[in-house]
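In this note's numbering, the protein residues as written are 38 to 462.
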């Protein structure tokens, strides 16, 4: 059967070479794009192989076009030659045999020409990337006449799809910030701002919200005069409203809507709907939702659908830009107060994340979000004034209790003593 196929050795050679080149292009793409920015910084300006790697990565679009163009050409050659061979042997092997040969050639390219070389390139990206750099650089120069039109076409397609420049992963940005800070090209304030921007995808709204126990709300069944009195005495521009039961939240009423209407107006018609967010929603998700619905606040609900708090756009932006005073902030006492004996008076509703940032203490994960919740978890009961507990280098004493929650806690810091904690004797 082999003797009936003209130029069989040449065809098999072409298949072998195109198969190897397919593996080369697939592996070199993964290897070269696996170099981290700090590795490229060390290679930049160097000669030889390292300089070639840096030059290729300095123009990622051009590198990608080179690799994909080469891979496409060799794959077309491989499948064209394999197709011609299968056609010629089909009379001898039958339809089933021809189908199996076609499937085998496809699997060979997928496994041997794509999966295996890419996996090897991830593990050994440095030696494989350096080995591929010079051949790819030479091929790139040969393909320069087709680079420009292909690049413009790719840019046009990307623009139509709404994609801009290449994205930078958060870990890469953090590494660049650290390098910039160490080398003195970025000050600490700018570095802190970037780090806080990156946190918007990890900080949850239940760490920032005004808890329900601090919310000033209004029952729609009450009178118009009562609502005006509430606006006047609490000095708020908007008030959450419910109907009958506090859990039946309907939205917000704004003070200007009340001032410009008479008492004959139905209060229910003045309610502005605002979004509801799960307490596990991140700052990024909350900001996106408020922007989409053009609202400045949102209710936070737990897994059972009960409202547990209120978060405003100002609260969300504070994660990025620092403290922004709003009407609810004015009602709150100072979250942390340093007393004369070195003890801290801490508000029970202060989030553990904020307390960790202030005190430098890294607290264990206990499934709670506030200092008051931490005290209750350590005590294992509803707190009472004078109850004491310890945790990770802190001595906590309940100072004030209201409605079965710790309003203020006295905290004394000592040498860190591990991550455990419990009620003090």
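Heads up, the beta-carbon is just placed ideally off N, CA and C, and yes, glycines get one too. Predicted, not measured: the structure shown is a model, and the values here were computed from it.
DSSP beta-bridge partners of residue i
i: residue 431; result: 428 and 450
i: residue 161; result: None; residue 161 has no bridge partner.
i: residue 341; result: Beta-bridge pairing links residue 341 to no other residue.
i: residue 334; result: 349
i: residue 35; result: Lying before the first or after the last residue shown, residue 35 is absent from the chain, which here runs from 38 to 462.
i: residue 248; result: 346
i: residue 437; result: 445
i: residue 180; result: Note: residue 180 sits in no beta bridge, so no partner.
i: residue 278; result: 255 and 288
i: residue 319; result: 241
i: residue 314; result: 337
Residue closest to residue i, alpha-carbon to alpha-carbon, out of the options
i: residue 397; options: 431, 173, 259 and 109; result: 431
i: residue 283; options: 241, 400, 253 and 164; result: 253
i: residue 106; options: 155, 83 and 173; result: 173
i: residue 175; options: 331, 262, 89 and 131; result: 89
i: residue 340; options: 137, 116 and 313; result: 313
i: residue 386; options: 250, 295, 342 and 428; result: 250
i: residue 178; options: 229, 92, 162 and 269; result: 92
i: residue 111; options: 420, 311, 58 and 333; result: 58
i: residue 164; options: 77, 69 and 126; result: 69
i: residue 328; options: 219, 311 and 129; result: 311
i: residue 433; options: 440, 441 and 420; result: 420
i: residue 180; options: 216, 342, 242 and 99; result: 99
Beta-carbon proximity check, residue i vs residue j, cutoff 8 Å
i: residue 238; j: residue 319; result: yes
i: residue 383; j: residue 408; result: yes
i: residue 114; j: residue 55; result: yes
i: residue 292; j: residue 274; result: yes
i: residue 158; j: residue 67; result: yes
i: residue 74; j: residue 223; result: no
i: residue 244; j: residue 406; result: yes
i: residue 257; j: residue 271; result: no
i: residue 149; j: residue 60; result: yes
i: residue 337; j: residue 350; result: no
i: residue 228; j: residue 240; result: no
i: residue 438; j: residue 422; result: yes
i: residue 347; j: residue 247; result: yes
i: residue 255; j: residue 264; result: yes
i: residue 94; j: residue 77; result: yes
Range covered by the beta strand (DSSP E) that runs through residue i
i: residue 349; result: 344–349
i: residue 290; result: 282–291
Extent of the continuous alpha helix (DSSP H) to which residue i belongs
i: residue 390; result: 389–396
i: residue 102; result: 97–144
i: residue 46; result: 45–69
i: residue 72; result: Neither: residue 72 is in no alpha helix (DSSP H) and is coded neither H nor E.
i: residue 307; result: Where residue 307 is concerned, there is no enclosing alpha helix (DSSP H), given that its DSSP letter is neither H nor E.
i: residue 412; result: 408–416
i: residue 83; result: Looking at the DSSP string, residue 83 is not in any alpha helix (DSSP H), and its letter there is neither H nor E.
i: residue 270; result: 261–271
Other residues of its chain near residue i: CB distance less than 7 Å, five sequence neighbours each side excluded
i: residue 86; result: 167, 170 and 171
i: residue 139; result: 123
i: residue 367; result: Since pLDDT at residue 367 reaches only 49, below the 50 mark, its modelled position is unreliable, and the value read off the structure follows with that caveat. If we look at residue 367 and ignore the five residues flanking it on each side, it has no Cβ neighbours.
6 Å CB neighbourhood of residue i in its chain, flanking five on each side removed
i: residue 187; result: 102
i: residue 403; result: 414
i: residue 51; result: 118
i: residue 104; result: 62 and 66
Neighbourhood of residue i by C-beta, 8 Å cutoff - its chain only, sequence neighbours within 5 removed
i: residue 381; result: 373, 374, 375, 396, 447, 448, 449 and 450
i: residue 308; result: 257, 278, 287, 288, 289 and 290
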